[in-house]
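Worksheet for the structure shown next.
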Amino acid sequence: MDRPFESSTIDIGLNYSCFKWNLNYSGVSKNSFDFGVNAIHYRNNPGKFKSVNDSSLVMNPEIGAELSGYISDIIDFADKLIIEAGFRFTRYLYLGINNARYYKAANPRTNENLEEIKYFKRNEVINSYNGFEPRISFTYKIKPSGSIKFSYSKIHQFMNLISNSSVMAPTDVWKLSDNNLNPLICNQYAIGFYRDFIKKTIEFSVEVYYKKLENLFEYKDGAKLLLNDKIETALINSEGDNYGAEIYLKRNSGKLTGWVSYTLSVSANRTTSAFPEDQILNNRRYFSNFDRPHNLTFNG
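In terms of our numbering, the sequence shown is residues 821 to 1120.
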């Protein structure tokens, strides 16, 4: 059997440049304002394959740009209640130089349903997304050294790791959001109790959380992720629910210092497609690769 690629190298790279500007203003009583902008330029190299006999395969790079602005305010009500609220607005652009593939509407993303391949010049906009990301938290202080905190936040993630395992592997692929794959969206809620003991030498906290994840990706059976220029045909849309509780205890002084934490959690996903070939367990929930029900950690 002829095996021209038996001995080979694969070059995969992800580069991004970031610009940040932030301004803090505390001229209003009991308020602290933060303003800022953030710009990110992504360049993702999905893969360059070369064998010892000079056979090669080069994937086109992916280019993306993300521009965001944010504002937040921390309001302190007589050191009893602290409210932090703000939002961030993000504009994301998926740019050429690249080919964009378009599939028939209301059909699975398969080679048979490919309708058009369109070439885009360098820095020409292929697709764009807007993201509004509010966040708010309430911290209520309980004398002498305790507090209760509730928080909510929403984020968009435009660069995602496509993986079929819970740990990084050489076959993992970085992928920018494009005209076929939407950005990951996460809504997170948390509530916790925090307390210091013995003149703040011991810290204790217990927190429960819930995360709702949209636009996750699962891979089809036998899917090829590495060096696949039609990777969207190997992926299935899904959503996830992560929830759990964490207990944390830390000692800051004395002969024995360190901390211990225990987390009880669930990470479950379900596919969302109406097409049977793009479903796992008929869209019923299943535990994700990242599900770790029990996690006990010591550090000292």
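C-beta: ideal position from N, C-alpha, C; glycine also.
Using a 10 Å radius around the Cβ and a threshold of 16 neighbouring Cβ atoms, would you call residue 1098 buried or exposed?
As a working note, residue 1098 is residue 278 in the sequence shown. Per the 10 Å Cβ criterion, buried.
* To do: Put residue 1051 into one of helix, strand or coil per three-state DSSP.
  => For the purposes of this step, residue 1051 is identified with residue 231 of the sequence shown, where counting begins at 1. In this structure, residue 1051 counts as helix in the three-state DSSP scheme.
message: In the DSSP output, which residue or residues are listed as bridge partners for residue 1080?
response: The sequence position of residue 1080 within the sequence shown is 260, counting from 1. For residue 1080, which the question treats as bridged, DSSP gives the partners 1069 and 1118.
Neighbourhood of residue 960 by C-beta, 6 Å cutoff - its chain only, sequence neighbours within 5 removed
Looking up residue 960 in the sequence shown gives position 140. Closer than 6 Å at the Cβ level, and outside the excluded window around residue 960, lie 901 and 968.
task: Could you tell me whether the Cβ atoms of residue 1023 and residue 1016 are closer together than 8 Å?
output: As a working mapping, residue 1023 is identified with position 203 in the sequence shown. As a working mapping, residue 1016 is identified with position 196 in the sequence shown. In this structure, residue 1016 lies closer than 8 Å to residue 1023 by Cβ.
Practice item. Kindly list the residues whose CB is nearer than 8 Å to the CB of residue 1058, restricted to its own chain and excluding five residues on each side of it in sequence; keep chain order. Key: In the sequence shown, counting from the first residue as 1, residue 1058 sits at position 238. Cβ neighbours of residue 1058 beyond the five flanking positions: 1036, 1037, 1038, 1089, 1090, 1091, 1092 and 1100.
- Query: For the beta strand (DSSP E) that contains residue 959, what are its first and last residues?
  - Reply: The count along the sequence shown starts at 1 and reaches residue 959 at position 139. Where residue 959 is concerned, the enclosing beta strand (DSSP E) stretches over 945 to 962.
Worksheet entry | Meets three-Cβ-pair contact criterion under 8 Å: the segment 1051 to 1069 and the segment 1078 to 1087 | yes
Next on the checklist: Spatial neighbours of residue 838 within its chain, please: C-beta separation below 6 Å, excluding the five flanking residues on both sides.
Outcome noted: If you number the sequence shown from 1, residue 838 lands on position 18. Counting only Cβ-Cβ distances below 6 Å, and skipping sequence neighbours, we find 860.
Checklist line | Secondary structure of residue 901, DSSP reduced to three states | finding: As a first step, residue 901 is located in the sequence shown; it is residue number 81 there, counting from the start. Strand at residue 901.
If you run the structure through DSSP and keep just helix, strand and coil, what is residue 998?
As a first step, residue 998 must be located in the sequence shown, where it is residue number 178. Looking at residue 998 - three-state DSSP - the assignment turns out to be coil, as it is neither helix nor strand.
Q. Under three-state DSSP, which class holds residue 893?
A. Working through the sequence shown from its first residue, we reach residue 893 at position 73. Residue state, collapsed to three classes: strand.
Out of curiosity, what's the CA-to-CA distance linking residue 981 and residue 887? Within the sequence shown, residue 981 is the residue found at index 161, counting from 1. Within the sequence shown, residue 887 is the residue found at index 67, counting from 1. C-alpha separation (whole angstroms): 21 Å.
- Query: Just curious, the beta strand (DSSP E) that residue 920 is in, first and last residue?
  - Reply: Translated into the one-based positions of the sequence shown, residue 920 becomes position 100. Counting along the chain, the beta strand (DSSP E) containing residue 920 begins and ends at 918 to 923.
Quiz item: Is residue 1005 closer than 8 Å to residue 1052 when the C-beta atoms are compared?
Solution: Sequence index remark: in the sequence shown, residue 1052 carries index 232 (1-based). Sequence index remark: in the sequence shown, residue 1005 carries index 185 (1-based). Against a cut-off of 8 Å, the Cβ pair of residue 1005 and residue 1052 comes out as no contact.
Could you check where the beta strand (DSSP E) with residue 1010 kicks off and where it finishes?
What you label residue 1010 is simply residue 190 of the sequence shown in a count that begins at 1. Residues 1004 to 1017.
Check: Whose C-beta lies closer than 6 Å to the C-beta of residue 943 among residues of the same chain, with five residues either side of it excluded?
Finding: Along the sequence shown, read from residue 1 onward, the residue named residue 943 stands at position 123. Taken in chain order, the residues that qualify are 915.
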